[in-house]
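Scroll down for the structure; my scribbles are underneath it.
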Amino acid sequence: MASVKKDNRLTSSQSFLCVGFAGVFSKTVTSPLEVVKIKSQVGTFHCKNGFWQSFLLIYQNEGLRGFWKGNLASCLRLFPYTAVHLSTYKKIVHLHMDELGFISQWRAILAGGFAGVAAALVTYPLEVAETRLVVQNCRQPTYIGVFYTLSKIHRSEGLLALYRGFSLTLLGAFPFSLGCYAVYTNLDKLWKEPPFRFTPLQNFINGCLAAGVAQTLSYPFETVKRKMQAQSPRLPHFGGVDVHFRGMIDCFVQVVKNKGVLSLWNGLTANTIKIVPYFGLLFTCFEMCKQVCLYRNGYIVSPLSYKLTPGVDQSLGPHELEEVKRYLKNRNFGSAGSSLGNRW
């Protein structure tokens with residue numbers, strides 16, 4: 001069983017901003033690895049000679065700016081994705097909680113999968129724009145800017161082009177959830193102790209391990225999805241895709257036939273290397289933002305430490321704590337006014 005908890009000392013808007021800011025920061029820092037991964041999945045010429053050579057070729061052909069192509073689209077996608085994901089996940093979880101507020105691990109993972117699909121549906125056009133921006137040469141661009149990219153794809157290829165490959169998000173959600181479930185159901189055997197005793201470091205390792213296994217299992221679906229997002233007869237060299245195809249199934253067939261089964265995992269090295277710094281930066285940045293918010297709300301004495309403010313009930317929510325402060329302030333003011341009146 002897993003207990004679904006959140007820090008009630010933060011408001012909903014503070015939690016959302018902490019997650020969003022941490023996500024933007026971690027995505028921006030690890031963007032070079034994401035660019036290499038996407039180019040490898042699509043099959044552009046930059047990635048035909050291996051992982052390290054890819055960085056050199058991108059730098060030679062596009063300069064440092066080439067490593068941050070599509071990052072704005074990825075960051076813009078993060079905020080609506082997070083909002084839809086959190087709200088959907090919360091609603092699904094509440095439907096399956098027992099009277100004590102607990103939910104089984106596999107139900108929580110499935111809830112995360114369904115919430116991810118809902119969030120992906122809302123933000124999928126931005127993912128398509130990200131892929132197109134990453135694949136093109138930024139020194140000879142076809143697309144300039146995120147919103148111009150969305151507008152041009154819609155005008156020249158139609159609305160459905162902005163959702164090309166979305167069915168693979170649905171298909172990939174099942175092996176992804178299966179991978180997470182397989183890891184989390186065996187964590188007690190790995191650490192030889194129950195989950196409620198896990199330290200923050202253990203939870204971080206668990207998250208990285210689950211992400212690595214889950215993404216590896218679902219990776220072929222993402223590879224084909226990226227190829228479908230990138231390919232267009234209206235782009236030079238059909239968008240740089242290394243195989244030509246007529247649809248999802250044909251794409252799988254052509255990739256396996258012409259490039260081999262293992263090519264469905266192209267870019268996995270960059271993706272795997274990205275996991276640790278991405279989650280490390282994500283958790284660290286989130287905790288830093290959280291400390292600032294807790295200090296602002298009056299729960300801790302400094303934004304640089306977790307030392308609790310003396311006399312503050314940590315079980316109260318921010319609005320409840322504000323009401324208590326207001327009540328105590330008014331009572332103290334009234335007491336001071338009464339003593340002043342007695343003197344005169």
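Just so it is clear: in the sequence shown, position 152 is 152 by UniProt numbering, and no numbers are missing. Even for Gly, the Cβ is constructed at its ideal location relative to N, Cα and C. Values in this document were obtained by computation on a predicted structure and should not be read as measured data.
- For Cys293, the enclosing alpha helix (DSSP H) begins and ends at 268–297.
- Under the three-state reduction of DSSP output, Phe198 falls in the coil class, being neither helix nor strand.
- Secondary structure note for Asn258: its alpha helix (DSSP H) is the uninterrupted segment 248–259.
- Leu316 carries a coil assignment under DSSP once its states are collapsed to helix, strand and coil.
- Proximity to Ala214 across Arg234, Ser177, Arg197 peaks at Ser177, based on C-alpha coordinates.
- Sequence-distant Cβ neighbours of Val122 in its own chain, meaning closer than 8 Å and more than five residues away, are Pro80, Tyr81, Val84.
- Inside the UniProt repeat "Solcar" (14–95), DSSP marks whole alpha helix (DSSP H) runs of 4 or more residues at positions 31–42, 51–62, from first to last along the chain.
- The beta carbons of Val224 and Val255 sit closer together than 8 Å.
- Contact between the region 240–247 and the region 279–299 is absent, with fewer than three C-beta pairs closer than 8 Å.
- In the DSSP assignment, Arg155 falls within the alpha helix (DSSP H) that extends over 146–157.
- Bounds of any alpha helix (DSSP H) do not take in Asp7, whose DSSP letter is neither H nor E.
- Contact annotation: the region 72–79 touches the region 25–37, with at least three C-beta pairs closer than 8 Å.
- Spanning the alpha carbons of Ser54 and Ala120 requires a straight line of approximately 28 Å.
- Using a 10 angstroms sphere on the CB of Lys329, the tally of other CB atoms stays under 16, which defines it as exposed.
- If you draw a straight line from the Cα of His154 to the Cα of Val29, it comes to about 30 Å.
- Under the rule that a run must span 4 or more residues, the alpha helix (DSSP H) segments found entirely inside the region 156–220 read 166–184, 187–191.
- Beta-bridge analysis with DSSP links Ile300 to Leu308.
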